[in-house]
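Here the sequence shown is numbered in this note's numbering, starting from 1 and rising by one per residue. The structure appears below as structure tokens.
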Amino acid sequence: MQFPISTQKRNLAWHNSAVVVCSLFTLAAILVSLHRFWQYETQYYDFGIFDTAIRKVAKFQPPTIDHFIVEDKLIWADHFHPAIFLLSPLYWFTSRSEVLLIVQAVAVGMSGYVLYRTAQFVLKDNLLSLAILVSYLLFVGLQNALITDFHEITVATLPLMLTYWAVLTERKRWFIFFFVLTLAFKELLFPLGLGLALFVYLYRPSWKKVAALAAGYSVLWGVVTMKVIIPYFSGGLYQYAPKATSFGELVGQLFSPMIKLKTTFQIFWSFLFLPLLYLPTLPIIFLNLGMRFISGSNNHWDLGFHYNAELAPTLAISTVLALSMLQKKLPKPVVVGVAGLLILNSLVLYRFVLRGPLALAYNPAFYTHTQNFTYLDELVARVPAGKSVMTQNNLAPRFTDRHVKLLRANYQDYQPEIIVLDLRDGQNPNNFMGVPDVQEVLQRIQVDPAYTVLYQEGQRYIFARK
1 MQFPISTQKR NLAWHNSAVV VCSLFTLAAI LVSLHRFWQY ETQYYDFGIF DTAIRKVAKF
61 QPPTIDHFIV EDKLIWADHF HPAIFLLSPL YWFTSRSEVL LIVQAVAVGM SGYVLYRTAQ
121 FVLKDNLLSL AILVSYLLFV GLQNALITDF HEITVATLPL MLTYWAVLTE RKRWFIFFFV
181 LTLAFKELLF PLGLGLALFV YLYRPSWKKV AALAAGYSVL WGVVTMKVII PYFSGGLYQY
241 APKATSFGEL VGQLFSPMIK LKTTFQIFWS FLFLPLLYLP TLPIIFLNLG MRFISGSNNH
301 WDLGFHYNAE LAPTLAISTV LALSMLQKKL PKPVVVGVAG LLILNSLVLY RFVLRGPLAL
361 AYNPAFYTHT QNFTYLDELV ARVPAGKSVM TQNNLAPRFT DRHVKLLRAN YQDYQPEIIV
421 LDLRDGQNPN NFMGVPDVQE VLQRIQVDPA YTVLYQEGQR YIFARK
């Protein structure tokens, strides 16, 4: 179909606007992520674990990691996410760990562009498509994922969005490819696979066989990875199974404590509750929330960390399909009004209610704060090259290019060549993860005849093994 020249120019202007929005979002995410890294807010758990494994594969070495539970085992003893090694070639061109943060931001930004083009295809309306894009990128659950270290689930937003694109644009082979790729980002994505299979069955009845294959593959993926592969590498352990002991306890964990209901409300509120109108994707959303809420870790229960990144593409696509339904039932001015409310709602939540973290990108004080960490840069620079290092959680990411261990109370059992400590007051407690009394450890190192002080400035120390 040929559009008049004026229409083509108008469509191009909308398209360019979407590109600008995605680009600005990506730039903001990169800036905030990099400066948090330079402010030593990025930690070995989990950034350093991924960085170590991906970097080792780039050097054709086994991806062994330091870990408090599956110590010195292949990373697959913790989670099975083979797709992360698609990023290993990055380290053929740079040794900088920050490259993972840049790629993560770019992947999410690109998923936004795919969303916009998919919405255009379905809705045939530029304003509605842009409104959904804005709500997706301003979703605080997605933004928190971007500033919380590096995680495979956050990168997986791109193949997941492409999976939806393939279904909605009726590209069967691409669906199979992106579906398999998405699940390859983590063993715990098998419920997502089941939900996607149901969605395909309901949205494209002509794809019933594909939906059945997708469901079967999802079950197989979950069983094989959690019952065979991970226990094989961990020595029989899979540490992420639900802890509930009865059905009643399991049901209770879905609703208590109250933060879980609050999170559910905020997630739907972020998209003006439009995803609730489109039933075929609700199982995907509630499966995700259910899996998180039965977890014993309260980090899974709110909009923080990276746990909402998996949900974001589904919420956005649900909004697309809900607006498509409204287009058929309501006058166009009403639907346009809904789009305007969607944008306004997203802006209010981002700026005033949930306070999106990417606002740091245009806060001058945030960049000034980075300059306050030159003393840690100096500490890291004084560590001898090529030596094995034991250090705390926020310093360990600086040493992933060598053998690095997190600080332990029984440090002497590991005989690290170098021990690096920053014991100034007011630090994030996670910096000393695994060490109940770091001052007691310091006192033992200071009198340990096997170690000598290589550098000390205030509460910053470098000890070298004699």
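Yeah, the Cβ is synthetic: ideal placement off N, Cα and C, and Gly gets one too.
Taken in chain order, the whole beta strand (DSSP E) runs of length 3 or more contained in the stretch 335 to 421 are 389 to 391, 404 to 406.
By the criterion of a C-beta distance shorter than 6 Å, I343 is surrounded in its chain by A131, V134, once the five residues flanking it on both sides are discounted. When the Cα atoms are used, Y136 and A316 turn out to be separated by approximately 6 Å. DSSP lists Y451 as the beta-bridge partner residues of R465. Per DSSP, Q61 lies in no alpha helix (DSSP H) segment and is marked neither H nor E. Pairing P275 with A322 gives a Cβ-Cβ distance under 8 Å.
Contact annotation, L406 with D66: C-beta distance approximately 6 Å; criterion of less than 8 Å satisfied. Contact between G222 and F190 holds, since their C-beta atoms are separated by about 3 Å, short of 8 Å. With a 10 Å radius around the Cβ and a threshold of 16 neighbouring Cβ atoms, Q412 comes out exposed. Put simply, the backbone Cα of G290 is about 34 Å away from that of R55.
The DSSP-derived three-state label of R460 is strand. In the structure shown, the three-state DSSP call for I65 is strand. Secondary structure at L272: coil, using DSSP grouped into helix, strand and coil. Put simply, of T263, K329, A13, E41 the residue whose alpha carbon is nearest the alpha carbon of P397 is E41. Buried is the label assigned to Q43, since at least 16 other Cβ atoms lie within 10 Å of its Cβ. By DSSP's assignment, K332 forms no beta bridge with any residue.
Straight through space, the alpha carbons of W92 and N430 are spaced by roughly 31 Å. With fewer than 16 other beta carbons inside 10 angstroms of its own, N372 counts as exposed. Scanning its chain for C-beta atoms nearer than 6 Å, with the 5 sequence neighbours on each side dropped, one finds around D149 the residues T42, D46, F47, in chain order. Per the coordinates, the alpha-carbon of S297 lies some 28 Å from the alpha-carbon of L421. Going by DSSP, V134 is part of the alpha helix (DSSP H) stretching over 126 to 138. In this structure L128 is buried. Its beta-carbon is surrounded by 16 or more other beta-carbon atoms within 10 angstroms. Taking the Cα positions, K124 is about 35 Å away from D302.
Excluding five sequence positions before and after W174, the CB atoms of its chain that fall closer than 6 Å to its own CB belong to A166, given in chain order.
For V228, no alpha helix (DSSP H) encloses it, and the DSSP letter there is neither H nor E.
In the structure shown, the three-state DSSP call for L160 is helix. In this structure, A156 keeps its C-beta atom at 8 Å or more from the C-beta atom of E378. Taking a contact as a CB-CB distance under 8 Å, the pair Y414 and M390 counts as one, their CB atoms being some 6 Å apart. Here T225 is not near F352, since their CB atoms are 8 Å or more apart. Between the stretch 95 to 109 and the stretch 24 to 40, the count of C-beta pairs closer than 8 Å reaches three or more; the two stretches touch. At the C-beta level, G458 and L138 stay beyond 8 Å of one another.
According to the DSSP assignment, Y203 belongs to the alpha helix (DSSP H) that extends over 190 to 203. Contact between the stretch 201 to 221 and the stretch 253 to 272 is absent: fewer than 3 CB-CB pairs across the two stretches fall below 8 Å. With respect to the C-alpha of W207, the residue from I229, W76, L168, F273 having the closest C-alpha is L168. Pairing L192 with H306, the inter-Cα distance amounts to about 16 Å. Among the bridge pairs identified by DSSP, K73 is matched with I65.
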